[in-house]
Each structure stands twice: as structure tokens, then as C-alpha cells.
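Structure first, commentary second.
Protein chains: 2
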Amino acid sequence: MSRCFVTGGAGFVGSNLVDRLLEDGHKVIVYDNFSTGHEEFLMKAKSSPNFKLIKGDLLDYGYLRDAMKNSDIVFHLAANADVRFGLEDPMRDLEQNTIVTSSVLEAMRKNNIKKIVFSSTGSVYGATNNFPTPENDCFPIQTSLYGASKLACEGLIQAYCEGYDFQAWIFRFVSILGERYTHGHVCDFYRKLQDNPNEMEVLGNGMQSKSYLYVQDCIDAIFHLTRNTTDKINIFNLGVEDYCTVNDSIGWITKNLGLTPELKYTGGNQGWIGDNPTIYLDVKKAEEFGWKAKVSIKDAVIKTLEYLKGFDG
Amino acid sequence: MSRCFVTGGAGFVGSNLVDRLLEDGHKVIVYDNFSTGHEEFLMKAKSSPNFKLIKGDLLDYGYLRDAMKNSDIVFHLAANADVRFGLEDPMRDLEQNTIVTSSVLEAMRKNNIKKIVFSSTGSVYGATNNFPTPENDCFPIQTSLYGASKLACEGLIQAYCEGYDFQAWIFRFVSILGERYTHGHVCDFYRKLQDNPNEMEVLGNGMQSKSYLYVQDCIDAIFHLTRNTTDKINIFNLGVEDYCTVNDSIGWITKNLGLTPELKYTGGNQGWIGDNPTIYLDVKKAEEFGWKAKVSIKDAVIKTLEYLKGFDG
Chain P
7 MSRCFVTGGA GFVGSNLVDR LLEDGHKVIV YDNFSTGHEE FLMKAKSSPN
57 FKLIKGDLLD YGYLRDAMKN SDIVFHLAAN ADVRFGLEDP MRDLEQNTIV
107 TSSVLEAMRK NNIKKIVFSS TGSVYGATNN FPTPENDCFP IQTSLYGASK
157 LACEGLIQAY CEGYDFQAWI FRFVSILGER YTHGHVCDFY RKLQDNPNEM
207 EVLGNGMQSK SYLYVQDCID AIFHLTRNTT DKINIFNLGV EDYCTVNDSI
257 GWITKNLGLT PELKYTGGNQ GWIGDNPTIY LDVKKAEEFG WKAKVSIKDA
307 VIKTLEYLKG FDG
Chain X
7 MSRCFVTGGA GFVGSNLVDR LLEDGHKVIV YDNFSTGHEE FLMKAKSSPN
57 FKLIKGDLLD YGYLRDAMKN SDIVFHLAAN ADVRFGLEDP MRDLEQNTIV
107 TSSVLEAMRK NNIKKIVFSS TGSVYGATNN FPTPENDCFP IQTSLYGASK
157 LACEGLIQAY CEGYDFQAWI FRFVSILGER YTHGHVCDFY RKLQDNPNEM
207 EVLGNGMQSK SYLYVQDCID AIFHLTRNTT DKINIFNLGV EDYCTVNDSI
257 GWITKNLGLT PELKYTGGNQ GWIGDNPTIY LDVKKAEEFG WKAKVSIKDA
307 VIKTLEYLKG FDG
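Chains as they are written, first to last, in our numbering: chain P, 7 to 319; chain X, 7 to 319.
Listed below in C-alpha cells is the structure:
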């Protein structure tokens, strides 16, 4: 039994992780400012005597430091996870990702907590042309403020490992799908089709190729890989051995909804400035350590859609 | 003639750059908070009608933005450049390097200035074992808060290039030596030997291997490579095609001073926690673009020593 401190624990991935940690018999403190988290995601968790919710901001360093006291391990999942709108407010990724992570690391150091699990992203590979992209890809060139901020977080965590004897698990996620999904292309398309089932705008040319991972597979990976690795710094790509195009996903979604909308493409190979036209990660390293995704991208898209339908119903 | 805005222009490399920019007929504004800069380094510059000094802090965003108005290009050299003491104050590199760089980029964006020259470091290659290290080395693992912060700066600059159509020159320096040198191993050894010419403590085992570049060679490189490259993002290692050990450098220094101190090694292959035992950069890319260092490491060490002697005399 560990005492787990989960930042962003009221979010999509965070709340699913919290449920699984509680099922596994751990004590869990969720620290969340509910800027994008949802208290209803913690309904099940709240029924456990091992659960505690603290509403707080990660930039409120003193409050965070006190809240974290006596924890054994920190799962730092809180982040601005919106890649697309970084350019509208260029300070947001710096503040909510880089500076927040520094605050979390300092609170850990002051509390003598030395184990951190961090949700990074395939976006750190930036302008790479190497697909599927391995963890030891060549030196990255960033294309988004989001990717830049997550790379900055990784660097801070690694420097704390070297300087203060921390141990870290850095997971570079593809996009995650599944229950409690709150933003991303499946949401966007579903809402657009609710508004107008006959016509839908598609950002870019529909050929952007991305990989996706089902949230329970993601949490399986976090559990399995933190338990089966012992290096000071453990870095893993998390994804499936596959990718799909935007058009593939539109096909699955519209078929599931029984719709045949006319598609209006905005054109170009990017959905927006800074969009990586391809995100497809090499997951051989995680597989060598004994984890492999069970749910296909198509099934993950359908599960997400079913969740969104239920939420509306 | 360009209107050049130089952050950290009262520092070691900055003030040497300023003198050369003025000689070359450019207008120069130096923005410096004199936390580590020296006003006497700008004595020559101050005699030019094309020179203006603004005392200000880069974290004072409004003041910075107004100061930068009407500039054509920003040379962002201001930084906490002390790698060794990062662990004593883990917020310093984040604030003085990462957050400051974000402030500089935002001020540029608001003023519609799109060209930035940035002084990065070979420390961004962190835990690499690939020597000499090329610009496209494998994905880095950071070992110091300094390296982590400079990598974060690079990422921010690259994201601004992609998102706001900036053009950047990122120079990854080895350690720089020469006139106006203010900190580093030559200073340390010189001062220790002034205090006690008979005995000297050496951090580590004396086998740490580092590369060094003479400051005027560094500035030649900045001039040559900014003029002869046109990519959106231009990244170059700057150094010589050579390295030396700490013991090599001690030999040159003690011979020059006519001393034969007893050396007391603290031991271990690092000088301090986070010290990279080897920094040796591959400079073929810069050489392919027509620049090559003229001064050897040994001559750069001796020039630095002569400068320090004159400063004391």
C-alpha cells in the first residue's frame, strides 16, 4: 500500500488512474483546481475511506507542499493538455506545465518524496520525420508551445533525478481515448454532428495520421511499467502499434452514428499551426518490459463515442 | 545597419559582442540588470553615438517591451550562466533562463521583431555518451537544472518560430574564454593560487574533459553564421575541434604563473553533482558553413590568464 498524491486527479486520465489505485488498495490524495477537472469523475472514489480530495492550485506552492506531506509517490498528471490553442495565450503552457512542474518538484523535495510519475507526450518529438518514433529519436525541434513545455518538464524532472536523487517514470502518451474523455477530435466531431448531421468542417486535409490509446490500456501501462523498472529515469512511449488518419476516424464515427455528412476540408496537411501531421510512437520498449495495448484505435474511438452518447442521454 | 537589442550586453560575451556590433556600424541597445554584468565592460561602447544602455530587469515585462521598441534583431545573451550552483537554488535557472526567455519572446512578438540570436550551451546534451556531440545527437536526458533550462529556452524559441513566424539562430556554446571572463575554472584556479601558491584543491579527479572557445572566435561565429544561413531555425554547436582535461589546463596555468603547487583532488569523475565529465562538441556543421575557430584551447586559457593578471595589476 502506497500513499499516492495525484495532481490533476479530477481529470480524464487522472480520475481513471485514481479509481484503479483505490481498487488496488492504495491511499490516494487528489489535488486539483478543477480548471478542467470534473468533481463527478471522482464520485466512485469519494465512497472510499482511502480517498481524500484537496481543491488547490499547483502554483500555490505553500498549500501544495503542506497537502503533499507524508505521500510516498506523486503522479503528476495536471497540465494544460490543449495543444491547439497554445498560440492564443503563449504564457499558458509555460505556467500550467513548466512552472507548475517546478512547483511540484520543489514540494516533493521539501517533503523528501522522491518518486514521480509524469504524463508527457509524443508532441515532444516535435518536427521529427522518424515514424514510428522511438524514445531515443534524434535531438528534438519543437513545433508547439505545448510540446516545448512538456519537454521543459521532462528536463526539470531529469535534473532533479541527478541532483536530488529522485526516481522518475516519464510516459510519452499518444492521444488518450475512453470514458471521461473531455476534449479532442472525437468530441469535436460528435458535437459538430449533433449541431448539423448533414455537413461537417474538417481541419486540414483529413490525412493527418495520429495514434491513440485507450485509457485503461494507458493505466495498465503505468501500473506495469512503474512496477517492473528500476532505473533512476525510466522513459516510455505509450501507444498502440498502429495509427489512423482523420478520415479513418470520421468513417468509424459517422458509421456508428448512422450519418453521411458532407465533409468540408479546410485544407493543408496540418489541422492548425503547430499541429504535427503525424504522431505515431514506437512502443517496442514498453513491450519489451511486458506491456502491450489490448484495445485497437477503432475500438477506442467507438468506446469514446458510446461514452459521449451516454453523457448526453 | 541593424538596430540590435542585446540582453545581458554588460556581461562577458555580451559586451564583447556589443563592441563588435558597434565597430560594424550597427546601432546597439544593451538591456542589462547588472546582476552579473559590469558597467566598465561597456566603457568603449559608451563612447559611440550608436550605443544606448538601459538598466532593467528582463522579468519587468512592460519595461522590456517598451525598451525593445523599433529594434530589428534581439541577441538574447542574458542568463544565469552558472551551472555549478543550480542545486543550491533550484528556481534560479527556471526564472533567469526559461521564464526570462519567454518574456523576451513575448516582448519581441508585441513589437513585431522576428529575429532572435540565442546563446545556448553544450550542456543541453546532458547525459550523452556521443563525443564529439553533433547537433542532431539522440534525444537528450538532462543532468543539470542549467541544461534543462537552456533546453526549455530552445523549445520556446522553436515554438515561436513555428507559431509566429520568427527566425532563430541557436548557438550551443562550449565554455567561452578570453577578455572579460568572470567565472569558471581559470578564475577559480587563478584565485586559489593567489591565495596559496603551494597547494591547490581540484574538484574531481582532474580527468574531466572539456572544450573551450576564445570569445572573439565565438563572436566571429555569430557574425558569420547569422549572415550565411537562411533557415527558420538555425542551430550550431560552437567550439574548437579539440578538448583538454582539467589537468592539461592546470599544467598551462601553473607553468604560466611559474608555480608548482601540490594538487589535492577531491576525487570522482565529476567536479560537482550534475557536472558533465565530458563536453566536446562536433563543430563540423559550423565549419561546413565557412566558420572555424582560430585560437587553440591552450592559447585561450593563456589569454584569459593574462587578462585576469592585468585586471588585478
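All C-beta atoms, glycine included, are put in the ideal place defined by N, C-alpha and C.
I need the straight-line Cα distance from P/T260 to P/Y196, nearest angstrom please.
9 Å
Please list the terminal residues of the continuous alpha helix (DSSP H) segment that includes X/R6.
Residue 6 of chain X is absent from the model: chain X starts at 7 and stops at 319.
P/Y152 and P/T139 - do their beta-carbons sit closer together than 8 Å?
no
Check the Cβ of P/F145 against every Cβ in chain X and list those closer than 9 Å, keeping chain order.
V130, Y131, P140, E141, N142, D143, C144, F145, P146, I241
Can you grab the Cα-Cα spacing for the pair X/G15 / X/M49, in whole Å?
12 Å
Give the DSSP bridge partners of P/K270, in chain order.
P/E207
Mind listing which residues of the stretch 79-101 of chain P have their C-beta closer than 9 Å to chain X's C-betas, in chain order?
G92, L93, P96, M97, D99, L100
With C-beta atoms as the reference, is P/L219 less than 8 Å away from P/A299?
yes
From what residue to what residue does the beta strand (DSSP E) around X/V11 run?
According to the sequence displayed, residue 11 of chain X carries Phe and not Val. Where X/F11 is concerned, the enclosing beta strand (DSSP E) stretches over 9-13.
List the residues that DSSP assigns as beta-bridge partners of P/I60.
P/Y37
Would you decide whether P/T272 is buried or exposed? Buried here means 16 or more other CB atoms lie within 10 Å of its CB.
exposed
Length at least 4, wholly inside the stretch 220-255 of chain X: the alpha helix (DSSP H) runs in chain order
221-233
What distance in whole Å lies between the Cβ atoms of P/F137 and P/T42, which are believed to be in contact at a cut-off of 8 Å?
Actually they do not touch by this definition, with Cβ atoms about 30 Å apart.
Does DSSP classify X/S155 as helix, strand or coil?
helix
Suppose contacts are defined by Cβ-Cβ distances below 8 Å. Is X/V180 in contact with X/I122 by that definition?
no
Please state the DSSP three-state secondary structure of P/K315.
helix
Can you tell which of X/I241, X/K120, X/D248 has its C-alpha closest to the C-alpha of X/S217?
X/D248
Less than 8 Å between CB atoms is the rule here; does X/T260 satisfy it with respect to chain P?
no
Of all the beta strand (DSSP E) runs that stay within the bounds of the stretch 61-96 of chain X, which reach a length of 3 or more residues?
79-82
In the DSSP output, what is X/W297 paired with across the bridge?
Its beta-bridge partners do not exist; DSSP assigns none.
Is there at least one Cβ from chain P nearer than 8 Å to X/S126's Cβ?
no
Can you give the Cα-Cα distance for X/L59 and X/A73, rounded to whole angstroms?
10 Å
Taking the straight line between their C-alpha atoms, what separation do you get for X/T251 and X/V289?
19 Å
Simplified DSSP assignment, three categories, for X/I182
strand
Please list the partners that X/L269 has in chain P, where partner means a Cβ-to-Cβ separation under 7 Å.
Neighbours of X/L269 on chain P: none; closest Cβ ~27 Å, over 7 Å.
Indicate whether the contact test is met: 3 or more Cβ pairs, each with one atom in the stretch 159-178 of chain X and one in the stretch 188-208 of chain X, closer than 8 Å.
no
Test item: CB-CB of P/N243 and P/K198 under 8 Å
no
Identify, in the order they occur along the chain, each residue of the same chain with its Cβ nearer than 7 Å to the Cβ of X/V19, setting aside the five sequence neighbours on each side.
L83, S125, I182, V221, C224
Check the Cβ-Cβ distances between P/T104 and every residue of chain X, and say whether any is below 8 Å.
yes
CA-CA distance, X/A158 and P/G264?
46 Å
Bridge partner(s) assigned by DSSP for P/I285:
P/K216
Span of the beta strand (DSSP E), counted from its first residue to its last, around P/F124:
121-127
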